[in-house]
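All remarks here apply to the structure that follows.
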């Protein structure tokens with residue numbers, strides 16, 4: 069039935085499109101949509117910037133802790149079932165957040181929402197996409213992550229809703245949107261089933277004779293073996309540095325522009341759209357380049373771009389300079405989204421991709437949790453963002469050599485990838 073409806077359209081691209089929409093509805097809503105309520109919480113409850121930032125750090129950390137578990141379940145049952153559960157949990161967290169009265173309740177609601185996003189956000193969409201593509205993997209993931217690239221629309225909508233109805237009602241509207249949109253689009257997002265009649269990438273491989281679909285053998289390095297490799301360690305350390313720097317910008321962009329640049333909440337929220345739209349340059353441009361050259365070099369370049377933008381933010385004395393710094397960070401941040409998982413799929417295969425990528429995500433997001441909290445502490449201690457942006461830039465710079473020295477795990481290739489080839493002969 070599904071194939072008759074699709075006709076000659078490669079189902080992998082349908083999955084990519086559906087996963088992109090899901091990323092916008094669920095992942096981007098939590099990543100970008102909560103920024104406009106940050107200062108509202110500080111003003112209403114009198115919480116410190118650091119204490120409020122900690123909740124956003126918890127969002128990242130909980131997502132990281134859940135990632136290996138979600139990845140393992142994903143490898144067993146496929147993307148579709150995981151997504152449905154994730155949507156329901158994420159929406160429940162948003163509803164609970166609209167009712168909070170104390171700081172611990174805010175933390176608890178953020179934890180629930182973060183668990184849900186782990187099951188319905190980019191991790192699951194990327195894992196599903198990885199099973200449908202090989203030669204075009206990075207570009208497919210680039211397109212899939214466009215859902216996050218237009219996530220600034222959520223920030224603008226949330227900022228407008230907060231201004232018009234207050235932050236509690238805005239969160240309840242977000243809850244309804246997550247349930248309606250997320251559950252609807254989940255029906256189109258699935259992992260590639262074994263024996264699927266269409267070839268991987270939608271391209272027939274004449275050199276492959278054993279599989280009627282022309283698909284190469286699906287191989288993968290088990291998580292326990294992958295995690296002990298030098299390649300995994302270096303890539304993950306690089307991602308910790310990158311996540312520290314970029315998540316600090318994502319969380320603090322709106323409060324920074326309101327507090328130090330002096331623009332309105334609505335105007336600050338609109339800059340999130342600018343950030344996410346410019347990030348598309350990195351997602352698409354560097355994503356397509358990554359299919360043609362070494363992905364580790366592309367990741368190193370993206371990290372360098374982020375460091376340059378953060379240094380400019382630290383020296384910003386006007387709105388123009390500040391927005392330029394944000395615009396420079398954006399493509400580096402955007403490139404990270406598709407290139408990192410494509411690199412992990414290339415290095416460690418797709419057979420155990422959910423578990424391997426989940427573990428890497430958990431470890432890398434320790435940086436994503438530390439970044440917003442550390443910058444928040446610096447703001448509380450110094451009264452400004454300058455030192456916090458310098459700290460983030462320095463951490464990003466440390467990630468460049470880690471990516472450059474993360475060579476492919478050749479010995480594991482011989483043991484696992486090459487061993488699969490005879491099965492199709």
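Numbering (my numbering), first residue to last: 69 to 493.
We put the beta carbon where it would ideally sit given N, CA and C, even for glycine.
Residue range of the alpha helix (DSSP H) that includes residue i
| i | result |
| --- | --- |
| residue 108 | 106-113 |
| residue 469 | 454-472 |
| residue 148 | 147-165 |
| residue 79 | 79-90 |
| residue 243 | 235-253 |
| residue 203 | Premise fails: residue 203 is in no alpha helix (DSSP H) and is neither H nor E. |
| residue 257 | Neither: residue 257 is in no alpha helix (DSSP H) and is coded neither H nor E. |
| residue 99 | 96-99 |
| residue 297 | No alpha helix (DSSP H) holds residue 297; DSSP gives it neither H nor E. |
| residue 268 | Here residue 268 belongs to no alpha helix (DSSP H), and DSSP marks it neither H nor E. |
| residue 179 | 171-188 |
Strand pairing of residue i, partner residues [DSSP]
| i | result |
| --- | --- |
| residue 288 | 417 |
Same chain only: Cβ atoms within 7 Å of residue i, ignoring 5 sequence neighbours per side
| i | result |
| --- | --- |
| residue 315 | 128, 436, 439 and 440 |
| residue 112 | none |
| residue 297 | 477 and 480 |
| residue 390 | 325, 329, 381 and 384 |
| residue 119 | 171 |
| residue 454 | 382 |
| residue 392 | 380 |
| residue 465 | 375 |
| residue 347 | 217, 398, 399, 401 and 402 |
| residue 287 | 417, 419, 484, 485 and 488 |
| residue 86 | 253, 256 and 257 |
Cβ neighbours of residue i in the same chain (closer than 6 Å, five flanking residues each side left out)
| i | result |
| --- | --- |
| residue 376 | 396 |
| residue 424 | 291, 294 and 416 |
| residue 379 | 461 |
| residue 352 | 210 |
| residue 468 | 368, 371 and 372 |
| residue 174 | 123 and 168 |
| residue 114 | none |
| residue 421 | 195, 198 and 413 |
| residue 306 | 467, 470 and 471 |
Of the listed residues the options, nearest to residue i (C-alpha basis)
| i | options | result |
| --- | --- | --- |
| residue 430 | 109, 300 and 207 | 300 |
| residue 408 | 364, 246, 144 and 360 | 364 |
| residue 187 | 368, 464 and 426 | 426 |
| residue 355 | 181, 213 and 434 | 213 |
| residue 146 | 243, 197 and 402 | 197 |
| residue 92 | 310, 166, 190 and 482 | 190 |
| residue 334 | 421, 358, 216 and 224 | 224 |
| residue 387 | 406, 331, 359 and 102 | 331 |
| residue 249 | 310, 320, 131 and 97 | 97 |
| residue 257 | 398, 484, 84 and 313 | 84 |
| residue 161 | 240, 456 and 312 | 240 |
| residue 406 | 148, 114, 131 and 207 | 207 |
| residue 321 | 132, 311, 340 and 142 | 340 |
| residue 447 | 121, 158 and 99 | 121 |
Heavy atom of the ligand NAP within 8 Å of residue i beta-carbon
| i | result |
| --- | --- |
| residue 319 | Among the components modelled here there is no ligand, and therefore nothing to report on the ligand NAP. |
Own chain, CB closer than 8 Å to residue i, minus 5 neighbours either side, in chain order
| i | result |
| --- | --- |
| residue 304 | 428, 431 and 432 |
| residue 473 | 302 |
| residue 88 | 193, 211, 212, 213, 214 and 215 |
| residue 482 | none |
* Where are the alpha helix (DSSP H) runs, 4 residues long or more, that stay fully inside the stretch 321-387, in chain order? -> 333-348, 355-358 and 363-382
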